[in-house]
């Protein structure tokens with residue numbers, strides 16, 4: 314399923330540049346790259362995360378920031394399709410999440426000033 318149009322790709326690439334991502338990554342961002350990230354988020358929320366896996370968790374959860382950049386940069390029509398695609402995985406995360414003591418991923422924040430649910434909560438038990 315094609316989720317991005319040319320305007321989306323242009324906007325997303327510009328947002329990634331603002332987020333200071335390497336140009337070689339920016340240039341290859343397209344529908345295939347998005348599909349890989351959606352699959353990575355699905356895999357992430359499907360895993361059973363346990364104490365002792367903190368460093369892998371901290372790296373892997375950042376895929377959700379990439380998806381957020383896409384959502385916030387896409388046209389309205391594409392944004393709706395993307396949200397529909399990832400909502401089941403977000404809901405899976407939310408069904409397992411518990412509050413974190415502190416927001417630990419704030420340095421990754423790409424675009425906004427408020428906290429996202431994956432920053433304030435964890436599925437690491």
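Residue numbers (my numbering): 314 to 438.
Just so you know, even glycine gets a beta-carbon here, dropped at the ideal spot from N, CA and C.
Classification of residue i by the beta-carbon crowding that lies within 10 angstroms, buried from 16 upward
i: residue 391; result: buried
i: residue 377; result: buried
Spatial neighbours of residue i in its chain, beta-carbon cut-off 7 Å, leaving aside the 5 residues before and after
i: residue 340; result: none
Straight-line Cα distance separating residue j from residue i
i: residue 410; j: residue 322; result: 31 Å
i: residue 382; j: residue 317; result: 13 Å
i: residue 398; j: residue 379; result: 15 Å
i: residue 393; j: residue 384; result: 8 Å
i: residue 407; j: residue 337; result: 33 Å
Option nearest residue i by Cα separation, candidates the options
i: residue 441; options: 374, 367, 407; result: A query on residue 441 cannot be resolved here, the shown segment of the chain reaching from 314 to 438 and no further.
i: residue 320; options: 395, 387, 404; result: 387
### Message
Using a Cβ distance threshold of 8 Å, determine whether the stretch 362-372 contacts the stretch 428-437, with at least three qualifying pairs required.
### Response
yes
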